[in-house]
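A.B. asks:
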Amino acid sequence: MIKQPVIVLVFWVGYLCQASSLLADWKADIGWNQLFAEKGGSLENGAGIVVSMAEAPQGGNYMPNTTGGQFTGKTIINGSGGSSAPSSHATGVARVFFGNTDSIAPGVTHITVFNANDWINNQLGFATGADPVSLPFKIQNHSWISLGTTGIADVSRRIDYVVNQHQTLMVGGVNNGTGSNFPTLMASAYNALNVGRSDGNHSTGTTTVYGPGRNRPDIVAPGTTTSQATPMVCSAAALLHQKAIGTDASRADAMRAVLLSGATKHQFPGWSRTSAQPMDSVYGAGQVNVYNSYKILEGGQFTGSTTAGSIPVGFQGWDYRSSITPGQDVYYEFVIPSYGMVSDFAITLTWNMLITDTNPDPDVFAPSEVLGNLDLRFYDSSGIWLGNELDTSLALVGNVEHLYFPLLGPGNYTLRVSSDTLRDYALAWQGTLIIPEPGVSMCLTIACALFVLKRRRPLR
290 MIKQPVIVLV FWVGYLCQAS SLLADWKADI GWNQLFAEKG GSLENGAGIV VSMAEAPQGG
350 NYMPNTTGGQ FTGKTIINGS GGSSAPSSHA TGVARVFFGN TDSIAPGVTH ITVFNANDWI
410 NNQLGFATGA DPVSLPFKIQ NHSWISLGTT GIADVSRRID YVVNQHQTLM VGGVNNGTGS
470 NFPTLMASAY NALNVGRSDG NHSTGTTTVY GPGRNRPDIV APGTTTSQAT PMVCSAAALL
530 HQKAIGTDAS RADAMRAVLL SGATKHQFPG WSRTSAQPMD SVYGAGQVNV YNSYKILEGG
590 QFTGSTTAGS IPVGFQGWDY RSSITPGQDV YYEFVIPSYG MVSDFAITLT WNMLITDTNP
650 DPDVFAPSEV LGNLDLRFYD SSGIWLGNEL DTSLALVGNV EHLYFPLLGP GNYTLRVSSD
710 TLRDYALAWQ GTLIIPEPGV SMCLTIACAL FVLKRRRPLR
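If you number the sequence shown the way this note's numbering does, the last residue is 749 and the count never jumps.
The following block contains the structure:
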């Protein structure tokens, strides 16, 4: 059955290229300058990572202008077969995503660009009802929105299916303007990462179809439009994907966790979360920070234990667990030495919406979905088994849980992951171990104690 095609709307067709000073500033703002100063020429740059971008047509055009030096040495394919005339919007997005000097992933050389309408209707198969096309991309940028309601649940399931089948990191922006309409795509897809602006001038809200009540955006970046902020996140992801080659950290769910746990919050004094709402309603997990996320990958994978009190893990690391069963708990132990503190400790648990095509006919897509509900609990376990529950992330909707502690004092801590369904999951965490000077050690210890008393909850 042929369906009515979905038509997408571009964020801001006037977007072209920003001043070079602004493009330089964003690299410093997200920690790339700090990372490059530490790693130098050995730092990954996205080399070998195959990516794509979908663009809303601007006067029928959706391809970047490849004549400039930003795209020298790159193979940019027109994946939709339409007009190859340049779009200023596509050019600006591409420069930030994989430009030779304007991005942090100049090593990306193989890019496919789609007309967003073609991507929805033909690549995802929405208009024909067929299975989504198998495409080999690790990252896909979506600097466009759709405000329509026709077929949104169907398209979102197709997006989730592609992410889960091919482990493609799908990154989409929300709308510009605090009073603007909340987009239905990509915000409705469980497995997509949605991006806002660090200045907060973007739409916020919750999903209304295909799993209502999930907050967006998930993360922000220092772009002057969400069209610019979105490829900033994609550029960081390309660098991180090169670092993650050969590991489960290159999975879409794991990369989402790595990006969210690396995000910084100090720019947003009002940032807040609750057990039921894991991340801030405006800034999500915070501002993307490639330095912190890189350190998570550098920390390595740590395997959780089904028994509390196991060998401690580092304060920067990640895990992918292929199976957790209902009623089973998985534990991660952290030990802060008596002479130290850990600051800005963020933990993110993610899992994909699992979409299975129940019809073997490739011309008929018949999705069946499984999500499940996973939870995070964090304990001060010094001296006794588990001990006092300091905080929890127990959202009843969505597929992300997030915890954040500005400061943790010396002691033993336990993270507990639980699920109500047979599932796999990805987990990432990041904190900075600090060794205070003798004169400030007591003040920090008192501050940690007050924070713990404020957050402490009875054991569940």
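Think of the CB as a built atom: it goes at the ideal place given N, C-alpha and C, for glycine as much as any other residue.
DSSP three-state call for residue 330: helix, strand or coil?
C.D. replies: Here residue 330 refers to the residue found at position 41 of the sequence shown. In the structure shown, residue 330 sits in a helix (DSSP, three-state: H, G or I).
A.B. asks: What residue does the beta strand (DSSP E) around residue 420 start on, and which one ends it?
C.D. replies: Here residue 420 is taken as the residue at index 131 of the sequence shown, counted from 1. Neither: residue 420 is in no beta strand (DSSP E) and is coded neither H nor E.
A.B. asks: For residue 452, does the count of other Cβ atoms within 10 angstroms reach 16, so buried, or fall short, so exposed?
C.D. replies: Working through the sequence shown from its first residue, we reach residue 452 at position 163. Buried: at least 16 other Cβ atoms inside 10 Å.
A.B. asks: Just reading off the alpha helix (DSSP H) that residue 544 is part of, what are its end residues?
C.D. replies: Working through the sequence shown from its first residue, we reach residue 544 at position 255. Residue 544 -> alpha helix (DSSP H) spans 541–551.
A.B. asks: Sorted by chain position, which residues of the same chain lie with C-beta nearer than 6 Å to residue 652's C-beta, five sequence neighbours on each side aside?
C.D. replies: Counting from one through the sequence shown, the residue named residue 652 turns up at place 363. Cβ within range, chain order: 419.
A.B. asks: Over what stretch of residues does the beta strand (DSSP E) that includes residue 657 continue unbroken?
C.D. replies: Your numbering for residue 657 matches position 368 in the sequence shown. Per DSSP, residue 657 belongs to the beta strand (DSSP E) from 656–659.
A.B. asks: Using the rule of at least 16 other Cβ atoms within 10 Å of the residue's Cβ for burial, across every protein chain shown, is residue 460 buried or exposed?
C.D. replies: If you number the sequence shown from 1, residue 460 lands on position 171. Residue 460 is buried by the Cβ-count criterion.
A.B. asks: Touch check for the segment 713–726 and the segment 582–590: three-plus C-beta pairs under 8 Å?
C.D. replies: Yes, the segment 713–726 is in contact with the segment 582–590.
A.B. asks: Is the segment 621–635 in contact with the segment 681–695, if contact means three or more CB pairs nearer than 8 Å?
C.D. replies: Flag = yes, the segment 621–635 and the segment 681–695 touch.
A.B. asks: Any idea which residues DSSP pairs residue 721 with across the strands?
C.D. replies: Walking along the sequence shown from the start, residue 721 turns up at place 432. Residue 721 is bridged to 632.
A.B. asks: Would you give the residue range spanned by the alpha helix (DSSP H) that residue 383 belongs to?
C.D. replies: Taking the sequence shown and counting its residues from 1, one reaches residue 383 at position 94. Taken as a continuous stretch (DSSP letters only), the alpha helix (DSSP H) holding residue 383 covers 377–387.
A.B. asks: Answer with buried or exposed for residue 299, where buried requires no fewer than 16 other C-beta atoms within 10 angstroms of its C-beta.
C.D. replies: Here residue 299 is taken as the residue at index 10 of the sequence shown, counted from 1. Only weak support is given to the placement of residue 299: the predicted model assigns it a pLDDT of 43, under 50, and the value that follows is read from those uncertain coordinates. With 16 or more other Cβ atoms within 10 Å, it is buried.
A.B. asks: What first and last residue would you give for the beta strand (DSSP E) that runs through residue 430?
C.D. replies: Taking the first residue of the sequence shown as 1, we reach residue 430 at position 141. First-last of the beta strand (DSSP E) with residue 430: 428–431.
A.B. asks: Could you say which of 348, 549, 522 lies nearest to residue 335 if we only look at CA atoms?
C.D. replies: Residue numbering aside, residue 335 sits at position 46 when the sequence shown is read from its first letter. Checking every option, the nearest Cα to that of residue 335 belongs to 522.
A.B. asks: Considering only the beta carbon of each residue, do residue 540 and residue 456 sit closer than 8 Å?
C.D. replies: Walking along the sequence shown from the start, residue 540 turns up at place 251. Walking along the sequence shown from the start, residue 456 turns up at place 167. Yes; because the gap between Cβ atoms is below 8 Å, this pair is in contact.
A.B. asks: For residue 605, list the residues DSSP reports as bridge partners.
C.D. replies: Your numbering for residue 605 matches position 316 in the sequence shown. Note: residue 605 sits in a beta bridge opposite 719.
A.B. asks: Report buried or exposed for residue 410, applying the criterion of at least 16 other Cβ atoms within 10 angstroms of its Cβ.
C.D. replies: Residue 410 sits at position 121 when you count from the first residue of the sequence shown. That one is buried.
A.B. asks: Let me check understanding here. Comparing Cα to Cα, which of 584, 569, 637 lies closest to residue 605?
C.D. replies: Along the sequence shown, read from residue 1 onward, the residue named residue 605 stands at position 316. It is 584.
A.B. asks: May I ask you to verify whether the segment 542–559 touches the segment 614–623, counting CB pairs closer than 8 Å and requiring at least 3?
C.D. replies: With a cut-off of 8 Å, the segment 614–623 and the segment 542–559 do not count as touching, because too few Cβ pairs lie within range.
A.B. asks: Short check: CB of residue 352 to CB of residue 374, under 8 Å?
C.D. replies: To locate residue 352, count along the sequence shown from 1; it is residue 63. To locate residue 374, count along the sequence shown from 1; it is residue 85. Contact: yes.
A.B. asks: CB-CB under 8 Å to residue 337, same chain, minus the five flanking residues each way: which ones, in chain order?
C.D. replies: Taking the first residue of the sequence shown as 1, we reach residue 337 at position 48. 396, 531, 534, listed in sequence order.
A.B. asks: Nearest by alpha-carbon distance to residue 332: which of 689, 472, 394 is it?
C.D. replies: Translated into the one-based positions of the sequence shown, residue 332 becomes position 43. Looking at the Cα atoms, 394 is the closest of the given residues.
A.B. asks: Hey, quick one: how far does the beta strand (DSSP E) through residue 768 stretch, first residue to last?
C.D. replies: Outside the displayed span of the chain (290 to 749) sits residue 768, for which this structure offers no information.
A.B. asks: Give me the residue from 387, 705, 443 with the minimum Cα distance to residue 596.
C.D. replies: Stepping through the sequence shown from its first residue, residue 596 is reached at position 307. Ranking 387, 705, 443 by Cα distance to residue 596 puts 705 first.
A.B. asks: Using 8 Å as the threshold, is the C-beta distance between residue 683 and residue 570 below it?
C.D. replies: As a working note, residue 683 is residue 394 in the sequence shown. As a working note, residue 570 is residue 281 in the sequence shown. Taking 8 Å as the Cβ cut-off, residue 683 and residue 570 do not qualify as a contacting pair.
A.B. asks: Residue 628 and residue 669: beta carbons closer than 8 Å?
C.D. replies: Start at 1 with the first residue of the sequence shown, and residue 628 comes out as number 339. Start at 1 with the first residue of the sequence shown, and residue 669 comes out as number 380. Cβ distance not < 8 Å, so residue 628 and residue 669 don't count as in contact.
A.B. asks: Counting only runs that start and end within the segment 567–630, where is the beta strand (DSSP E) found for 3 or more residues in a row?
C.D. replies: Runs of the beta strand (DSSP E) inside the segment 567–630: 605–613, 618–625.
A.B. asks: Which class does residue 683 belong to by DSSP, given the choice of helix, strand or coil?
C.D. replies: For the purposes of this step, residue 683 is taken as residue 394 along the sequence shown, with counting starting at 1. The answer is coil: DSSP assigns residue 683 none of H, G, I, E or B.
A.B. asks: Please go through the same chain and pick out, in chain order, the residues whose beta-carbon is closer than 7 Å to the beta-carbon of residue 724, but skip the five residues on each side of it.
C.D. replies: Sequence index remark: in the sequence shown, residue 724 carries index 435 (1-based). Correct list, in chain order: 628, 629.
A.B. asks: Give the DSSP bridge partners of residue 347, in chain order.
C.D. replies: To locate residue 347, count along the sequence shown from 1; it is residue 58. 350.
A.B. asks: Note down, in chain order, each residue of its chain lying with its Cβ closer than 7 Å to the Cβ of residue 470, except the 5 sequence neighbours on either side.
C.D. replies: Within the sequence shown, numbered from 1, the residue matching residue 470 stands at position 181. 436, 464, 492, listed in sequence order.
A.B. asks: For residue 317, count neighbouring Cβ atoms within 10 angstroms of its own Cβ and tell me buried if that reaches 16, exposed if not.
C.D. replies: Position 28 of the sequence shown holds residue 317. Exposed, by the Cβ-count rule.
A.B. asks: From the DSSP output, in three-state form, read off residue 639 for me.
C.D. replies: As a first step, residue 639 is located in the sequence shown; it is residue number 350 there, counting from the start. Of the three classes helix, strand and coil, the one that applies to residue 639 here is strand, per DSSP.
A.B. asks: What does DSSP give as the partner residue(s) for residue 694 in the beta ladder?
C.D. replies: Locating residue 694 in the sequence shown gives position 405, counting from the first residue. 634, per the DSSP bridge assignment.
A.B. asks: Among residues of its own chain, excluding the 5 on either side of residue 403, which ones have a beta-carbon nearer than 8 Å to its beta-carbon?
C.D. replies: Residue mapping note: residue 403 aligns to position 114 of the sequence shown, counting from 1. Around residue 403: 341, 342, 343, 344, 351, 368, 369, 412.
A.B. asks: What residue does the beta strand (DSSP E) around residue 399 start on, and which one ends it?
C.D. replies: Position 110 of the sequence shown, counted from the first residue, corresponds to residue 399. Start and end: 399–404.
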